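The block underneath contains the structure these notes are about, expressed in structure tokens.
In the working numbering, the protein residues as written are 49 to 203.
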């Protein structure tokens with residue numbers, strides 16, 4: 049079964065090209081604005097989101113900041129024709145963006161990056177589930193020890 053990938057770009061031609069390049073591998077969900085992207089994220093399970101950096105309403109990095117807050121496991125990537133390395137590194141270091149891909153992109157290279165993004169999503173979800181189980185077990189043990197540590201003549 050193909051997995052969902054959200055592609056956000058205000059230029060229709062870019063949406064068409066992206067879909068044509070990757071529709072055999074992923075279920076491409078398209079958004080032409082950040083607002084539409086957030087609606088689609090609320091309504092769909094989206095492991096990976098790719099956004100254009102230059103859009104009229106917000107930048108791709110700003111969208112990634114919002115997505116990180118509301119959908120922390122979703123892997124966020126940026127496509128950009130610009131190379132502002134300071135803002136790229138800042139966004140990556142703050143954990144807002146998994147990867148920056150420059151335009152024009154190479155299909156095979158971007159496909160490999162997208163596949164790694166899905167792997168990173170799966171690891172993130174699995175790690176969160178393990179942490180939750182460990183915290184639950186730790187709490188059970190703590191409560192169990194407290195119950196046994198109280199002295200009672202009926203033990």
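We treat Cβ as the ideally placed atom computed from N, Cα and C, and that holds for glycine.
These numbers come from a predicted model, not from an experiment.
- CA-CA distance, residue 160 to residue 181, rounds to 32 Å.
- Every alpha helix (DSSP H) stretch that sits fully inside the segment 49-89 and reaches 4 residues is listed by chain position as 60-70.
- DSSP links residue 100 through a beta bridge to 127.
- Excluding sequence positions up to five before and after residue 158, its CB lies within less than 7 Å of the CB of 149, all in the same chain and listed in chain order.
- Rounded to whole angstroms, the gap between the alpha carbons of residue 164 and residue 170 is 10 Å.
- DSSP places residue 149 within a strand segment (E or B) once states are collapsed to three.
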